[in-house]
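Trainee: Using the numbering used here, the first residue of the sequence shown is number 59, and each one after it goes up by one. Cβ coordinates follow ideal geometry from the N, Cα and C atoms, glycine included.
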Amino acid sequence: MTRELISEAMKQGLVHETGLIAHGRGEAFDYLLGEKTIALADAAEKVAAAALLCATNPVISINGNVAALAAVDCISLAKSVPANLEINLFHRTPERVKKLAAFLRKKGAKTIYGVHPDARIPGLDSDRSLCEKKGIFTADVVLVPLEDGDRCQALRRMGKSVIAVDLNPLSRTAQAATITIVDNVTRAIPRMNHWVHQLQGTEHSELDKLLKHWDNTKNLERVMAFLSKRLNSLS
Ligand code: PTJ
59 MTRELISEAM KQGLVHETGL IAHGRGEAFD YLLGEKTIAL ADAAEKVAAA
109 ALLCATNPVI SINGNVAALA AVDCISLAKS VPANLEINLF HRTPERVKKL
159 AAFLRKKGAK TIYGVHPDAR IPGLDSDRSL CEKKGIFTAD VVLVPLEDGD
209 RCQALRRMGK SVIAVDLNPL SRTAQAATIT IVDNVTRAIP RMNHWVHQLQ
259 GTEHSELDKL LKHWDNTKNL ERVMAFLSKR LNSLS
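1. Pick out whichever of 128, 186 and 168 has its Cα sitting closest to the Cα of residue 176.
2. Are residue 238 and residue 274 closer than 7 Å when you measure CB to CB?
3. Can you grab the Cα-Cα spacing for the pair residue 56 / residue 221, in whole Å?
4. Return the first residue and the last residue of the beta strand (DSSP E) that residue 238 is part of.
5. Exposed or buried, residue 120, counting other C-beta atoms within 10 Å across all chains shown (16 or more means buried)?
6. For the beta strand (DSSP E) containing residue 144, name the first residue and the last one.
7. Considering only the beta carbon of each residue, do residue 86 and residue 126 sit closer than 7 Å?
8. Let's see if you can read the secondary structure: which residues bound the alpha helix (DSSP H) around residue 78?
9. May I have the straight-line CA-CA distance separating residue 288 from residue 89, to the nearest angstrom?
10. To the nearest angstrom, how far is the alpha carbon of residue 286 from that of residue 229?
11. Count the other CB atoms within 10 Å of the CB of residue 103; is the residue buried (16 or more) or exposed (fewer)?
12. Roughly how far, in whole angstroms, is the beta-carbon of residue 218 from the beta-carbon of residue 197, given that I think they are within contact range, below 8 Å?
13. Taking 6 Å as the cut-off, is the CB of residue 92 close to at least one heavy atom of the ligand PTJ?
14. Going residue by residue through the region 123 to 178, where are the continuous beta strand (DSSP E) segments of at least 3 residues, counting only ones entirely within it?
15. Enumerate in chain order the residues of its own chain whose CB-to-CB distance from residue 157 is below 8 Å, with the five nearest sequence positions on each side excluded.
16. Return helix, strand or coil for residue 194, following the three-state DSSP convention.
17. Tell me whether residue 263 counts as near the ligand PTJ, meaning its Cβ is closer than 6 Å to at least one heavy atom of that ligand.
Written as structure tokens, this is what we have:
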């Protein structure tokens with residue numbers, strides 16, 4: 059079903075053709091995880107929810123694959139936090155931006171940044187640096203499900219907290235993010251929404267404690283240990 063969604067979205071011009079390759083890579087890692095949210099991912103999802111709730115200007119970045127697989131969930135998460143949505147594409151063309159904005163509106167999104175970019179993420183070449191001042195450019199926390207490594211690193215250099223959802227714990231994005239969620243975007247966004255509802259009303263000082271105690275490198279090491287243990291147990 060997920061493959062069908064991606065394939066259909068590519069035919070509609072929402073997903074870039076390389077999005078299919080990225081999806082296949084994600085599937086391979088998902089098999090290794092057992093196609094479920096492992097406890098280590100859930101812990102990251104909880105801390106990510108805390109980061110979104112503590113943020114001044116949280117933004118959820120939407121690309122073709124994310125729109126195809128998790129548009130409704132991202133819109134719902136944006137409403138719960140509340141956070142802004144911004145279309146931010148690696149393979150940016152005005153046509154794709156327009157199509158994605160129309161698609162998101164049809165799914166219930168109200169304000170969508172990124173359609174009329176007026177700023178650039180420093181240190182990136184080409185149109186993938188384009189963003190909006192009120193959105194990603196001034197955001198303090200950015201959720202980037204399925205990001206490319208360069209952009210994740212560029213956002214970190216701007217001093218932002220970056221929450222990445224990436225099934226590959228070895229990717230540059232996974233390694234560079236502030237909070238890395240090694241889970242499928244289809245499971246990660248609803249789970250973050252669950253944690254946002256659970257943590258809403260908690261004192262910010264308590265949420266801050268969660269953020270201060272988060273060790274992303276340690277969590278990634280544990281994910282890698284989980285994967286090798288699982289592979290050993292299957293062989
Ligand atoms: O729509 P655009 O133009 O912005 O392009 C989007 C893609 C995803 C094509 C672009 O950002 C890209 O090429 O990304 P990468 O560098 O291939 O990274 C995508 C990462 O997401 C890889 O590490 C995949 O393992 C991972 N991934 C793929 N599908 C999923 C996933 N992670 C979580 N959930 C998935 N469903």
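Mentor: A quick look at the data gives this:
1. Taking the sequence shown and counting its residues from 1, the one referred to as residue 176 is at position 118. Ranking the options by Cα distance to residue 176, first place goes to 186.
2. What you label residue 238 is simply residue 180 of the sequence shown in a count that begins at 1. What you label residue 274 is simply residue 216 of the sequence shown in a count that begins at 1. Yes, they are a contact pair.
3. The first residue shown for the chain is 59 and the last is 293, placing residue 56 beyond what the model contains.
4. Here the question's residue 238 lines up with position 180 in the sequence shown. Counting along the chain, the beta strand (DSSP E) containing residue 238 begins and ends at 237 to 239.
5. Locating residue 120 in the sequence shown gives position 62, counting from the first residue. By the neighbour-count rule (16 or more Cβ atoms within 10 Å), residue 120 is buried.
6. Here residue 144 corresponds to residue number 86 of the sequence shown, with the count starting at 1. Secondary structure note for residue 144: its beta strand (DSSP E) is the uninterrupted segment 142 to 145.
7. Reading the sequence shown from its first residue, position 28 is the one you call residue 86. Reading the sequence shown from its first residue, position 68 is the one you call residue 126. No, Cβ-Cβ distance for residue 86 and residue 126 is not below 7 Å.
8. Your numbering for residue 78 matches position 20 in the sequence shown. Element bounds for residue 78: 75 to 91.
9. Here residue 288 is taken as the residue at index 230 of the sequence shown, counted from 1. Here residue 89 is taken as the residue at index 31 of the sequence shown, counted from 1. Each residue's alpha carbon lies about 11 Å from the other.
10. Walking along the sequence shown from the start, residue 286 turns up at place 228. Walking along the sequence shown from the start, residue 229 turns up at place 171. If you take the alpha carbons of residue 286 and residue 229, they lie about 17 Å apart.
11. Translated into the one-based positions of the sequence shown, residue 103 becomes position 45. Buried, since its Cβ has 16 or more Cβ neighbours within 10 Å.
12. Looking up residue 218 in the sequence shown gives position 160. Looking up residue 197 in the sequence shown gives position 139. Cβ atoms of residue 218 and residue 197 come within 8 Å of each other, at about 6 Å.
13. Taking the sequence shown and counting its residues from 1, the one referred to as residue 92 is at position 34. No.
14. 142 to 145
15. The residue you call residue 157 lines up with position 99 of the sequence shown. The residues are 70, 71 and 72.
16. The count along the sequence shown starts at 1 and reaches residue 194 at position 136. The answer is helix: DSSP assigns residue 194 an H, G or I state.
17. Residue numbering aside, residue 263 sits at position 205 when the sequence shown is read from its first letter. Not under cutoff, so the answer is no.
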